[in-house]
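Numbers in this note's numbering are just positions in the sequence shown, counted from 1, shifted up by 14.
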Amino acid sequence: MAKLLYSATMSLDGFIAAPGGDMSWLTEHLADPDPAAEGLVDRIGAIIAGNGTFGGGDPNEGTDKEGAFGGQYDGPMFVLTHRPPAEPVPGITFVGDLRTAVAEARAAAGDRYVNILGANVARQCIEAGILDEVLVFVAPVLLGDGVRLFDSPGGTRVRLEQLEDEPAHWYRVVYP
15 MAKLLYSATM SLDGFIAAPG GDMSWLTEHL ADPDPAAEGL VDRIGAIIAG
65 NGTFGGGDPN EGTDKEGAFG GQYDGPMFVL THRPPAEPVP GITFVGDLRT
115 AVAEARAAAG DRYVNILGAN VARQCIEAGI LDEVLVFVAP VLLGDGVRLF
165 DSPGGTRVRL EQLEDEPAHW YRVVYP
């Protein structure tokens, strides 16, 4: 069964987007290839994104690298939202609840990863006890404010276990 992986690039001070969800800060940090990131897209069978992430800014907007993983991903995408658009969006499935999104994405992914995009969806997966792994790429910048990698005021501690055969910031989520 497909594992749920939350992957994101964050600033050294823990933000994945600047205030207002601005992703343009990432552009300069995506210029150099990262060996761990390059192999990742082939291991992803489906994506679940939050509506904010889906409708948010793309650091590669207007270029040939626009889209998930610099335009390299071309597969099933599920957007978790209570407000789907009136008109269908080709290649996108809008889903109203987390459990349904996960079930549909796992079925679509087969034995590859379901990649979670968006801090809110990742938090929901942690709270539901269904997130399997976390992969974080750290960009050498301090944003000072914005959307945190994880933000759960009053939340509980989550234990992570580093995966030995993966990059230094790839962890398995350990539930009690």
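Where is the CB? At the ideal position from N, CA and C, for every residue including glycine.
Using only the alpha-carbon positions, how far apart do residue i and residue j sit?
{"i": "Gly64", "j": "Leu94", "result": "5 Å"}
{"i": "Asn134", "j": "Asp56", "result": "24 Å"}
{"i": "Leu18", "j": "Ile130", "result": "7 Å"}
{"i": "Asp36", "j": "Leu177", "result": "31 Å"}
{"i": "Met15", "j": "Leu145", "result": "13 Å"}
{"i": "Val190", "j": "Asp125", "result": "For the sequence presented, residue 190 should be read as Pro rather than Val. Distance between the alpha carbons of Pro190 and Asp125: 25 Å."}
{"i": "Gly59", "j": "Glu147", "result": "15 Å"}
{"i": "Gly101", "j": "Glu52", "result": "In the sequence on display, residue 101 carries Glu and not Gly. Roughly 33 Å separates the two Cα atoms."}
{"i": "Val109", "j": "Thr67", "result": "14 Å"}
{"i": "Ala32", "j": "Ser38", "result": "8 Å"}
{"i": "Ser21", "j": "Gly168", "result": "23 Å"}
{"i": "Ala182", "j": "Leu54", "result": "14 Å"}
{"i": "Ser166", "j": "Arg137", "result": "7 Å"}
{"i": "Glu180", "j": "Pro49", "result": "11 Å"}
Take residue i as the anchor and find which of the options has the nearest alpha-carbon.
{"i": "Arg97", "options": "Val188, Thr107 and Gln176", "result": "Thr107"}
{"i": "Tyr185", "options": "Leu149, Ala136 and Glu118", "result": "Leu149"}
Would you say residue i reaches chain B, if we count a Cβ-Cβ gap shorter than 8 Å as a contact?
{"i": "Thr170", "result": "Here there is only one protein chain, and chain B is not present."}
Quick check on the burial criterion: 16 or more other C-beta atoms within 10 angstroms. Buried or exposed for residue i?
{"i": "Leu174", "result": "exposed"}
Identify the residues that DSSP records as bridge partners of residue i: which are they?
{"i": "Ser21", "result": "Leu149"}
{"i": "Phe92", "result": "Ile62 and Thr107"}
Under the criterion of a Cβ to heavy atom distance below 7 Å, does residue i qualify as lining the ligand ADP?
{"i": "Leu149", "result": "The ligand ADP is not part of the structure shown, which contains no ligands of any sort."}
Completely contained alpha helix (DSSP H) runs for the segment 99-131, where each covers 4 or more residues: 112-123
Segments assigned beta strand (DSSP E), at least 3 residues, entirely inside the segment 128-183: 147-153 and 173-176
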